[in-house]
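Novice: Dumping the structure here so I can ask a few things about it.
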Amino acid sequence: MQWEELTGGEFEAAVEKAAGVCILPIGVIEYHGPHLPLGTDSLTAHALASEAARREPAIVFPAYYFGVNVETKHFPGGIVIRDHLLLELLENVCDEISRNGLKKIVLLSGHGGNRFLLPLFVQLMLDKGKDYTLYYVYGLNDEEARKQVLETKVHGHACEYEASIMLHIYPQLVKMDALDPEHWWAPQDRLGDLGQRVYTPADWFSRFPEHCAGDPRPASAEKGRVLFEALVSDLADIIKAIKADTAAPEAYATFEQRIYRR
Ligand SMILES: [Zn+2]
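Take the position in the sequence shown, starting the count at 1, then add 1135; the result is the number in our numbering.
Shown next, in the form of structure tokens:
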């Protein structure tokens, strides 16, 4: 069920059908090579959430474009949100989702850079006495599908994996013929061993100065179909488990009681 497609009259019944679960698909707007659209991460997360919610009912929030992506600023079309706004806006949106009766919020990221922001956000919310529980999905299991279809080894951005999924869900937006047939984006590892042991502001830029990571040339819609199906199936299982979960909300409430000695 798509939040923006429901009428006000339909909303409460939808909340009940979803058992109070809302999926917030979080991406960014950033450069994805010459072949993929700027909204790839948000479009992918939203399509994945929508298909999983068709199998295991949940309300899907509209594609949310405001993740962290400073590392894309050197290419056209990127939108970079100021740091404090990232956290404030996300908290505001989650509070509003909850005010509408959805007390279990699933944060589903389609963008690698959000892997730092979202756990921090979830952790900070522990001390805020919210009346909802956040579930950050950080590990969808698509290992078997990857082994089955992928021909390349380096993945990360605008690669065989991501381009295949886009060829499956939005073929009309993918321009494979814009790729240079002689070139792919190999990691440069300019920091050498040090890069394995420390994290610097130039982490991504030092390895992938063209922002893209991997080789999209062997991408195909059929590979994308197999990968997407694995992701959807795992996410639907996770939504089901979240609906049944009482442990996280109880633990959160107990923590609050102990802090404030209620
Ligand atoms: Zn991407």
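C-beta: ideal position from N, C-alpha, C; glycine also.
Note that the structure is a prediction, hence the values are computed from the model and not measured.
Alpha helix (DSSP H) containing VAL1367: first to last residue?
Specialist: 1356–1379
Novice: Could you tell me if the beta carbon of ALA1184 falls within a distance shorter than 8 Å of some heavy atom in ligand 1?
Specialist: no
Novice: Using 8 Å as the threshold, is the region 1306–1321 in touch with the region 1367–1380, meaning 3 or more CB pairs across them?
Specialist: Below 8 Å, too few C-beta pairs join the region 1306–1321 and the region 1367–1380 to call them touching: fewer than three.
Novice: Excluding the 5 residues flanking HIS1181 on each side, which residues of the same chain have their C-beta closer than 6 Å to its C-beta?
Specialist: Hits under 6 Å: PRO1160 and ALA1198.
Novice: Shorter than 8 Å, the distance from the beta carbon of THR1179 to the closest heavy atom of ligand 1, or not?
Specialist: yes
Novice: Could you tell me whether any non-hydrogen atom of ligand 1 is closer than 8 Å to the CB of THR1335?
Specialist: Result no, Cβ not under 8 Å from ligand 1.
Novice: Give the single residue among GLU1145, TRP1319, LEU1178 and ALA1280 whose Cα lies nearest to the Cα of CYS1347.
Specialist: With distances taken between Cα atoms, CYS1347 lies closest to TRP1319.
Novice: Please give the ranges of any beta strand (DSSP E) in the region 1145–1206, keeping only runs that are unbroken, at least 3 residues long and fully inside the region.
Specialist: 1156–1161
Novice: For LEU1243, I'd like the list of residues in its chain whose CB is within less than 8 Å of its CB, leaving aside the five on either flank, ordered along the chain.
Specialist: ILE1158, LEU1159, PRO1160, ILE1161, ALA1180, LEU1183, ALA1184, VAL1272 and LEU1370
Novice: For ASN1227, is the classification buried or exposed, using 16 other Cβ atoms within 10 angstroms of its Cβ as the cut-off for buried?
Specialist: exposed
Novice: For ligand 1, is there a heavy atom less than 8 Å away from the beta-carbon of GLU1165?
Specialist: yes
Novice: Just jot down, in chain order, the residues whose CB lies closer than 5 Å to any heavy atom of ligand 1.
Specialist: THR1175 and ASP1176
Novice: Could you name the residues of the same chain whose beta carbon sits closer than 8 Å to that of GLY1212, not counting the 5 residues immediately before and after it, in chain order?
Specialist: ILE1164, GLU1165, TYR1166 and LEU1173
Novice: Out of GLU1297, HIS1170 and ASP1262, point me to the one whose CA is closest to GLY1247's CA.
Specialist: Looking only at GLU1297, HIS1170 and ASP1262, the smallest Cα-Cα distance to GLY1247 is reached by GLU1297.
Novice: Would you tell me roughly how many angstroms separate the C-alpha atoms of ALA1153 and ASP1324, rounded to the nearest one?
Specialist: Approximately 45 Å between the Cα atoms of the pair.
Novice: Compare the Cα-Cα distances from ARG1396 to each of GLY1359, GLY1264 and ASP1350 and report the closest residue.
Specialist: Cα-wise, what sits closest to ARG1396 is GLY1264.
Novice: Leaving out five residues on either side along the sequence, give the residues of the same chain with a beta carbon under 6 Å from the beta carbon of GLY1168.
Specialist: ALA1293 and CYS1347
Novice: Reducing DSSP to helix, strand and coil, say where LEU1261 ends up.
Specialist: Reduced to three states, the DSSP call for LEU1261 is coil.
Novice: Judging by CA-CA distance, which residue of TRP1138, SER1299 and LEU1366 is the nearest neighbour of GLU1279?
Specialist: Comparing Cα positions, the closest option is LEU1366.
Novice: Given this structure, state the Cα-to-Cα distance separating GLY1144 from ASP1338, to the nearest angstrom.
Specialist: 48 Å
Novice: Quick one: give me the first and last residue of the alpha helix (DSSP H) that TYR1387 is part of.
Specialist: 1382–1395
Novice: VAL1289 lies in the alpha helix (DSSP H); which residues open and close that run?
Specialist: Element bounds for VAL1289: n/a, residue is neither H nor E.
Novice: Using the DSSP secondary-structure output, state which residues sit across from SER1244 in a beta bridge.
Specialist: Per the DSSP secondary-structure output, SER1244 pairs in a beta bridge with ILE1161.
Novice: Helix or strand or just coil, what does DSSP make of TYR1267?
Specialist: TYR1267 falls in the coil class under three-state DSSP.
Novice: Could you check where the alpha helix (DSSP H) with GLY1330 kicks off and where it finishes?
Specialist: 1329–1332
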